[in-house]
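Numbering follows full-length UniProt numbering, with no gaps: position 118 of the sequence shown is 118. This report concerns only the one structure given below.
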Amino acid sequence: MSLRKKSQWCLVASGMVSLILLLTVLYSSGSGQRRNSSLGQDYQLTGRPLYKLDLSWPKNPEVFTGEVFCVAVNQYAAVVYVAQRGSNVPKVLVFTTEGDFLMSWNTTTLEMPHGMFLADAASKDPTVWITDVGDGPYGHCIKQYSPSGKLLQVLGTPGKAGSGLDPLQFDQPAEIFVHESWELYIVDGDGGMNNRLIKLSKDQKVLWIHAEKGPALAQFYIPHSVTVDSAQRVWVADRGNKRIQVFNSITGDWLGMWGSCFTEDAPYSVRLTPDKKYFVVVQLNTNQITLLDAPPVGQIGQCNVVSVIQLAEDVKPHLVDLDLKAGALYVAEIGAQQAQKFTPFSLGGSLL
Numbered sequence: 001m002s003l004r005k006k007s008q009w010c011l012v013a014s015g016m017v018s019l020i021l022l023l024t025v026l027y028s029s030g031s032g033q034r035r036n037s038s039l040g041q042d043y044q045l046t047g048r049p050l051y052k053l054d055l056s057w058p059k060n061p062e063v064f065t066g067e068v069f070c071v072a073v074n075q076y077a078a079v080v081y082v083a084q085r086g087s088n089v090p091k092v093l094v095f096t097t098e099g100d101f102l103m104s105w106n107t108t109t110l111e112m113p114h115g116m117f118l119a120d121a122a123s124k125d126p127t128v129w130i131t132d133v134g135d136g137p138y139g140h141c142i143k144q145y146s147p148s149g150k151l152l153q154v155l156g157t158p159g160k161a162g163s164g165l166d167p168l169q170f171d172q173p174a175e176i177f178v179h180e181s182w183e184l185y186i187v188d189g190d191g192g193m194n195n196r197l198i199k200l201s202k203d204q205k206v207l208w209i210h211a212e213k214g215p216a217l218a219q220f221y222i223p224h225s226v227t228v229d230s231a232q233r234v235w236v237a238d239r240g241n242k243r244i245q246v247f248n249s250i251t252g253d254w255l256g257m258w259g260s261c262f263t264e265d266a267p268y269s270v271r272l273t274p275d276k277k278y279f280v281v282v283q284l285n286t287n288q289i290t291l292l293d294a295p296p297v298g299q300i301g302q303c304n305v306v307s308v309i310q311l312a313e314d315v316k317p318h319l320v321d322l323d324l325k326a327g328a329l330y331v332a333e334i335g336a337q338q339a340q341k342f343t344p345f346s347l348g349g350s351l352l
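See the structure below:
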């Protein structure tokens with residue numbers, strides 16, 4: 001081969017290599033852009049890094065076919081329940097904590113699930129409580145199901161919205177928290193007539209109630225989420241008033257409130273991490289999951305933001321739950337139509 005032809009061949013080969021490299025870079029960049037622009041997979045951490053997204057959960061996300069509103073975890077059975085809304089979709093999907101899809105509930109007794117709580121998880125007979133905000137013949141109730149979706153009990157009058165007169169006649173009940181004592185804490189009023197925090201005894205008698213609508217102390221405007229800590233304090237996400245209110249779980253007395261952390265958007269969900277160090281609060285309109293310092297016993301003080309998970313636009317996180325053994329955080333997302341799992345960073349060998 002002449003020197004001239006060899007030189008020409010080298011130029012062609014070099015050009016082909018450059019073209020292949022360029023196409024590889026463009027393809028990789030495009031793939032990464034598509035992946036990162038996907039709802040729910042693009043997020044940023046600010047503050048202390050406490051949680052990271054588990055991209056492997058669930059293993060078959062195609063089973064999500066509706067708007068995902070709530071999630072509940074049985075840490076003993078390693079099972080996650082996810083409730084969704086939509087026409088002709090199963091209302092509850094059941095996964096393992098590893099991400100395997102187990103079953104769906106095709107129940108007709110559930111219209112529009114809103115909040116969910118797994119009660120008595122350590123027993124042989126755990127139950128799943130779901131609030132139903134539907135306007136049909138099964139709506140405006142709180143329902144107790146078996147793990148396989150069998151309806152066990154209904155609180156409220158099916159299909160009849162409350163007027164504030166009867167404590168057990170609900171109007172779009174938002175969420176329920178079932179204490180280990182089987183006492184029930186209910187926030188009733190996801191935009192309906194009622195704006196109430198109710199505590200019921202084990203036999204479902206009213207122990208105390210706050211039932212006034214308004215911005216004053218111990219009043220509510222769309223109470224949306226409730227949890228109880230180990231220091232006999234009830235924490236309520238008072239969505240319409242952009243604050244969290246705190247009450248004594250025994251007497252119902254008002255203890256304090258947090259509002260300074262919610263100037264841009266209201267708290268939608270409130271849960272406590274397993275180590276009792278942080279409250280996990282969701283803000284739907286700003287697409288944020290915020291972790292706040294949990295105050296010591298006897299003090300409420302002001303809220304302090306420790307960490308923020310900023311999700312992609314229009315993900316719309318709604319309600320959350322935590323695995324109390326592994327520490328994992330599960331988030332129900334209306335806009336992204338999915339639930340996601342976040343796992344805690346390990347600091348010094350301990351969770352969080």
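We treat Cβ as the ideally placed atom computed from N, Cα and C, and that holds for glycine. Note that this is a predicted model, so its numbers are computed, not measured.
Just to confirm, is the Cβ distance from residue i to residue j under 9 Å?
i: V297; j: G47; result: no
i: H210; j: S269; result: no
i: V281; j: T273; result: no
i: Y278; j: V228; result: no
i: L291; j: L50; result: yes
i: N248; j: V234; result: yes
i: P147; j: V79; result: yes
i: P61; j: H114; result: no
i: N287; j: E313; result: yes
i: I289; j: P317; result: yes
i: N195; j: Q169; result: no
i: V68; j: A328; result: no
i: T96; j: A326; result: no
Could you tell me which residues DSSP pairs with residue i in its beta bridges?
i: V238; result: In the sequence as displayed, the identity of residue 238 is Asp instead of Val. The partner list for D238 (beta bridge, DSSP) reads P223, R243.
i: A132; result: Contrary to the premise, residue 132 reads as Asp rather than Ala in this sequence. Answer is P113, C141, bridged to D132.
i: W208; result: K199
i: Q340; result: V331
i: I176; result: I186
i: V79; result: N74, T96
i: G298; result: Paired residues: none, contrary to the question.
i: D42; result: The partner list for D42 (beta bridge, DSSP) is empty, contrary to what the question assumes.
i: T127; result: A119
i: P317; result: E333
i: I309; result: L45, I289
i: L151; result: Y145
i: S104; result: L93
Taking 6 Å as the limit between beta carbons, can you name the residues of its chain near residue i, skipping five residues before and five after?
i: M103; result: V94
i: G259; result: R243
i: W57; result: G99, K341
i: N241; result: P215, Y221
i: N285; result: D265
i: V331; result: P317, V320, Q340
i: F101; result: N60, V63, F95
Rounded to whole angstroms, what's the CA-CA distance from residue i to residue j? Just pull it up for me.
i: A161; j: D132; result: 11 Å
i: E183; j: Q84; result: 27 Å
i: L217; j: W254; result: 7 Å
i: Q338; j: L324; result: 21 Å
i: K202; j: L155; result: 13 Å
i: D190; j: G134; result: 11 Å
i: V92; j: N106; result: 8 Å
i: K124; j: Y76; result: 10 Å
i: I250; j: L152; result: 28 Å
i: A237; j: C261; result: 12 Å
i: S31; j: L55; result: The predicted model places S31 with a pLDDT of 32, which falls under 50 and marks its position as unreliable, so this point remains unresolved.
i: E212; j: V206; result: 16 Å
i: V246; j: I300; result: 8 Å
i: M193; j: H140; result: 11 Å
i: T343; j: V305; result: 19 Å
i: V63; j: C70; result: 15 Å
i: residue 432; j: R271; result: The chain is shown from 1 up to 352; residue 432 falls before or after that span and cannot be answered.
i: residue 359; j: S87; result: Coverage of the chain is limited to positions 1 through 352, which leaves residue 359 absent and any answer about it impossible.
i: P295; j: Q283; result: 20 Å
i: A231; j: L200; result: 19 Å
i: E175; j: D293; result: 23 Å
i: G149; j: S181; result: 23 Å
Just to confirm my understanding: we take residue i, look at its own chain, exclude 5 residues before and 5 after, and list those with CB closer than 7 Å. What are they?
i: N74; result: L118, A121, P126
i: F177; result: F117, Y185, V226, T227, V228
i: A72; result: Y81, M116, F117, L118, V128, D321
i: residue 356; result: With the chain represented from 1 up to 352, any question about residue 356 goes unanswered, as that position is not in the structure.
i: residue 382; result: Because the chain in this structure spans residues 1 to 352, residue 382 falls outside the shown range and cannot be described.
i: I198; result: P167, I186, D188, V206, I209
i: G136; result: E111, G159
i: Y145; result: T127, V128, I130, L151, L152
i: Q44; result: Q310
i: G256; result: V246, I300
i: G164; result: M193, N194, A211
i: I334; result: E67, V68, F69, K316, H318
Counting only the same chain and skipping the five closest in sequence on each side, list residues whose C-beta sits under 8 Å from that of residue i.
i: T109; result: Y138, K143, L151
i: Q302; result: W258, S260
i: F345; result: P49, L50, Y51, K52, L352
i: Q204; result: L155, L168, L184
Nearest chain C C-beta to residue i closer than 9 Å, yes or no?
i: A237; result: Given the protein chain composition of this structure (a single chain), no chain C is represented.
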